[in-house]
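Student: Mapping to the numbering used here: the sequence shown position 122 is 124, numbers consecutive. Beta carbons: idealized from backbone N, C-alpha and C, even for Gly.
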Amino acid sequence: MKSDVCCFNRQTFAILLGILELFISSVLLVPNVYCVIFPETLTNRMLATFFPTSKSASSQLYDVVSYFVTASLVLNITSVLCASILIVGTFKRNSISILIWLFNSGLKCFIGFIGCVFITLLLILILTSEFGNETLFRTTLILIVLSPLVTGLYVYLWISILKLHQTIRNDRYFFKTRL
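1. Going straight from the alpha carbon of Gly20 to that of Leu31, what length do you get?
2. Roughly how many angstroms lie between the CA atoms of Leu164 and Val35, to the nearest whole one?
3. Assuming the contact rule is C-beta atoms closer than 8 Å, Asn106 and Ser27 should be a hit. Round their C-beta distance to whole Å, please.
4. For Lys110, count neighbouring Cβ atoms within 10 angstroms of its own Cβ and tell me buried if that reaches 16, exposed if not.
5. Between the Cα of Ile220 and those of Thr92, Gly108, Leu104 and Thr72, spot the shortest distance and give me the residue it belongs to.
6. Below 6 Å CB to CB, which residues in the same chain sit around Val7 once its five sequence neighbours on both sides are set aside?
7. Going by beta carbon distance, what residues of the same chain come within less than 6 Å of Ser74, once the five residues before and after it are set aside?
8. Report all residues from its chain with a CB closer than 7 Å to the CB of Cys84; omit the five preceding and five following residues, and keep chain order.
9. At the level of alpha carbons, what is the spacing between Ile89 and Ile98?
10. Using the Cβ count rule (16 or more neighbours within 10 Å means buried), how would you classify Ile87?
11. Using 10 angstroms around the beta-carbon of Leu151, count the other beta-carbons present and answer buried if the total reaches 16, otherwise exposed.
12. Quick check on this structure: which residue in Ser81, Phe70 and Tyr69 has the alpha carbon closest to the alpha carbon of Leu24?
13. Let me know if Val71 comes out buried or exposed under the rule of 16 or more other beta-carbons within 10 Å of its beta-carbon.
So this is what it looks like as structure tokens:
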């Protein structure tokens, strides 16, 4: 009885998490699509905000922004798909669909870890040179605080959904209904 209640709570948590991720990823797709359609506008704004005195960084920054926008767009599209799969899979008690979400979230944890390292290196670059300005410095500091928090949250969610996957896989009733 206790395991049934625990499984129900984990299922409810997984469905709510899937709905939340679906909503956030859908909202994030809007600026992603805008950036793909009008990349020059975004690059010019970034140059004006973060590098007001630098003219030579424009082509390099444009390439970085293009790669970032494309990667972000792909990640948000896969997040929408995987969140939908998580919701449907949890309703149907399908462990394979939950594994797909786990793989996607594990990828996000890995990307988040790389992002933390990259942002830290960027801060060191700003501190050791006259590159950028105060706005860039403050933004980088905020990202250094937020990146590990978001990555840590994803690791926690990943472990929680992994427990749900194990519960469903070990549930005797689930296997009896399949046979």
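Tutor: Concretely, from the data shown:
1. Residue mapping note: residue 20 aligns to position 18 of the sequence shown, counting from 1. Residue mapping note: residue 31 aligns to position 29 of the sequence shown, counting from 1. Distance between Gly20 and Leu31, taken at the CA atoms: about 16 Å.
2. The sequence position of residue 164 within the sequence shown is 162, counting from 1. The sequence position of residue 35 within the sequence shown is 33, counting from 1. Across the structure, Leu164 and Val35 are spaced so that their CA atoms are roughly 32 Å apart.
3. Taking the first residue of the sequence shown as position 1, residue 106 is located at position 104. Taking the first residue of the sequence shown as position 1, residue 27 is located at position 25. 11 Å between Cβ atoms; not a contact.
4. The sequence position of residue 110 within the sequence shown is 108, counting from 1. So Lys110 ends up on the buried side.
5. For the chain, the structure presents residues 3 to 181; residue 220 sits outside this window and is missing.
6. Here residue 7 refers to the residue found at position 5 when the sequence shown is read from its first residue. At Val7 the pLDDT is 48, less than 50, meaning the model places this residue with poor confidence and gives no usable figure here.
7. The sequence position of residue 74 within the sequence shown is 72, counting from 1. Here the set comprises Asn34.
8. One-based indexing of the sequence shown puts residue 84 at position 82. If we look at Cys84 and ignore the five residues flanking it on each side, its Cβ neighbours are Ile102, Trp103 and Asn106.
9. Against the sequence shown, residue 89 aligns to sequence position 87. Against the sequence shown, residue 98 aligns to sequence position 96. Roughly 12 Å between the two C-alpha positions.
10. Taking the sequence shown and counting its residues from 1, one reaches residue 87 at position 85. Buried: at least 16 other Cβ atoms inside 10 Å.
11. Within the sequence shown, numbered from 1, the residue matching residue 151 stands at position 149. Counting Cβ neighbours within 10 Å, Leu151 comes out exposed, since fewer than 16 surround it.
12. For the purposes of this step, residue 24 is taken as the residue at position 22 of the sequence shown. If we check each option's Cα against that of Leu24, Ser81 comes out closest.
13. Taking the first residue of the sequence shown as 1, we reach residue 71 at position 69. Looking at its Cβ environment, which holds 16 or more other Cβ atoms inside 10 Å, Val71 is buried.
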